[in-house]
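Residue numbers (the working numbering), protein chains in the order written: chain A, 7 to 564; chain B, -18 to 147.
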């Protein structure tokens, strides 16, 4: 959260739920009641569904407010039991010392910190890990990590989303209208100013982004999307014909921008972002990277600048791929700060890895599947209840003050680390671009029978344990996964709009509500990413090159 | 119940050309009204669009309500009086525009009140203020026309209900 002018009873900050980083304010509506305000500010307009209800986290009824130890066996994932139900409350300082002792006594220990905390907290966690002889890694979505690693040292010219308003030609990769709705504000502003400007979309034909395009092409998801960008650049390949002339449209523009908002796996996004960088250089276009995490860029840079954080030597720089590498090794004590591994990583792989951890400790503001497994749980403030710095993208560093102070007795992560004996706060170096590191090779096309299914992020998330999860929505936004099918595929499977389908994939099966769309390309489908059961269908293995990539599935009636 | 004021002059108007179906309006409304959703979404096939109470001049919901729960207040806003509502659904069936939902929350029918708490502070309704693309506007018909927006059916603007102008 970044500070701006404040007045009594009103505070202004920034939402870091994605890399757009919208300014947000709250109004004090009562002694302990705050309501979000949506005053347009600094050229921004409105908030997305997640940002608009950010304040609900402040007084969420499930919020962790005291340190506690599970008295009996750790609760199973999905078990709603939390503090007060089979738990023993602890003093904060005692719990912090216990955490430090568990790390120090273990033969093998690791700390995993959520990448959406501020950069200095990430660096402080790294220093603490080093002092305790533990490995550490930062959790950012695989697509974010791949985008940073592919682009940061590419030499491209980068712009933030607000610069899209002055663009006169765009190539959009992904579905930013769904994943970063506020970015649509500037895209539409550009279109209003220059109605004939080319807005070229490579992504789902049934996405809202494609609905606003001057030309759209649905390439094969995953590795196929990178191949399509290569076709745009070289004029060769299977996708050259439907994208003919796109490169020339970018070249002839004065302020062309390539917007990157992918939500696939490391391998595909690495290939996609690399191809986008090459295309940007050849056409003179700028690149506008939109990450899922607001501070993904800062976190990956902070983790990768390990030696710059004094004393860190055991770190394992990086995001999801580094975490999966850590989890493949035997770990006695694992401290997870703010992250939910089971929601963020390949579910089966995490299940297997956490099963071998002797002592699991969770530090965070909200309960999740990881906290329910943990033997020791410590409360902490949200990122927007603390001050710090974040890097929204290259050249987009923001410093911020808390939107509101955390509840009484709830410390910040840095205060917990200090209680645990960490020596002073670390200052993250987020100035240096991340060198291109070895990542999974570009994903290969998935062959086999059935529909090619990919995960897609929705504007509103339900099953992520936060924000709009515990609500009674009308039918249009019921908290159930949606499966978007081409009409022909739905008909072949005997499914109609609104019916429940069973999706069977390499990792199992899940149910989803069918949404048919004439613009969806036959043979391809997408499903809501926020639901663990749906992610389990993919059967990804930890660290595998195909993790988070599309898979072939069978779809039938429930 | 007899009306106590003229209908409010400003309406929530949806610019079809700008709506991206992100449901930010619905989320903001939901949270700001203690989990009662005053914004509904309708799937018209090519697009998923929000529908907000039209604040009719002669509101059928007010006429149909047997409990005098649907009233027009002194500001001209048609709203549901919380403790009068019996959740009988008469208003839902009477509404010719499908704005109201039979889904009950705490034995109450959810009804848009144009965020009276915000109007009293001189602020726009939540759905309008939060809209990332400014597709939802709170304006008079003359203000919309002055901006060159073509009003379709009085509460929506756009060149074509399906094709995007932008």
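We put the beta carbon where it would ideally sit given N, CA and C, even for glycine.
Within the DSSP bridge table, the entry for residue 176 of chain A names A:205 and A:263 as partners. The beta strand (DSSP E) runs lying completely inside the stretch 270 to 320 of chain A and spanning 3 residues or more are 292 to 295, given in chain order. Counting only runs of 4 or more residues that sit fully inside the stretch 100 to 125 of chain A, no alpha helix (DSSP H) segment turns up. Exclusion of the five residues before and after residue 157 of chain A leaves 279, 283, 293 and 295 as the residues of its chain whose Cβ lies within less than 7 Å of its Cβ.
Of all residues in the stretch 204 to 234 of chain A, those with a C-beta nearer than 7 Å to a C-beta of chain B are 214, 217 and 218, reading in chain order.
Each of A:32, A:370, A:508 and A:423 was checked against the Cα of residue 131 of chain A, and the nearest Cα belongs to A:423. Cα atoms of residue 465 of chain A and residue 58 of chain B: separation of roughly 30 Å, rounded to the nearest angstrom. Neighbourhood of residue 66 of chain A in chain B, by CB distance below 7 Å: empty, with the nearest CB roughly 12 Å away.
The DSSP-derived three-state label of residue 248 of chain A is coil.
In this model, residue 50 of chain B and residue 44 of chain B are separated by some 10 Å (Cα to Cα). Secondary structure at residue 8 of chain B: helix, using DSSP grouped into helix, strand and coil. Here the alpha carbons of residue 63 of chain B and residue 68 of chain A stand approximately 27 Å from one another. The stretch 243 to 261 of chain A and the stretch 529 to 543 of chain A do not touch, with fewer than 3 CB-CB distances between them shorter than 8 Å.
Contact of residue 111 of chain B with chain A is assigned, a C-beta pair being separated by under 7 Å. For residue 101 of chain B, no Cβ of chain A is located within less than 7 Å of the residue's own Cβ.
For the options B:3, B:55 and B:126, the alpha carbon positioned closest to that of residue 21 of chain B is the one of B:3.
One thing to note: residue 300 of chain A has its Cβ within 7 Å of the Cβ of residue 24 of chain A. Residue 121 of chain B counts as exposed, since fewer than 16 other C-beta atoms from the protein chains shown sit within 10 angstroms of its C-beta. Per DSSP, reduced to three states, the secondary structure at residue 37 of chain B is coil, with no helix or strand assignment. The C-beta distance from residue 64 of chain A to residue 40 of chain A rounds to 6 Å, short enough to meet the 8 Å contact threshold. The criterion of a C-beta distance shorter than 7 Å is not satisfied by residue 50 of chain A and residue 111 of chain B. For residue 9 of chain B, at least one C-beta of chain A is nearer than 7 Å to its own C-beta. The beta carbon of residue 203 of chain A sits closer than 7 Å to those of 174, 175, 196 and 197, all from its chain and outside the five residues before and after it, given in chain order. Taking C-alpha positions only, residue 274 of chain A is separated from residue 346 of chain A by approximately 23 Å.
Rounded to whole angstroms, the separation of the alpha carbons of residue 530 of chain A and residue 141 of chain A is 40 Å. In this structure, DSSP gives residue 31 of chain A an extended state, which the three-state scheme calls strand. Here DSSP, grouped into helix, strand and coil, assigns residue 89 of chain B to strand. Assignment of beta-bridge partners to residue 337 of chain A by DSSP yields no partner. Looking from the CA of residue 66 of chain A, the closest CA among B:-6, B:15, B:60 and B:96 belongs to B:15. In the pairwise beta carbon analysis, the stretch 241 to 256 of chain A is classified as not touching the stretch 118 to 126 of chain A: fewer than three pairs are separated by under 8 Å. Boundaries of the beta strand (DSSP E) harbouring residue 24 of chain B: 21 to 24, taken from the DSSP string. Within the stretch 36 to 117 of chain B, the beta strand (DSSP E) runs of at least 3 residues that lie entirely inside it are, in chain order, 51 to 53 and 59 to 61. The C-alpha of residue 214 of chain A is placed about 7 Å away from the C-alpha of residue 184 of chain A. Judged by DSSP in its simplified three-state form, residue 224 of chain A adopts coil rather than helix or strand. Distances from the alpha-carbon of residue 116 of chain A to those of A:337, A:438 and A:555 put A:337 closest.
Burial is judged here by how many other beta carbons sit within 10 angstroms of a residue's own beta carbon; residue 83 of chain B has fewer than 16 and is exposed.
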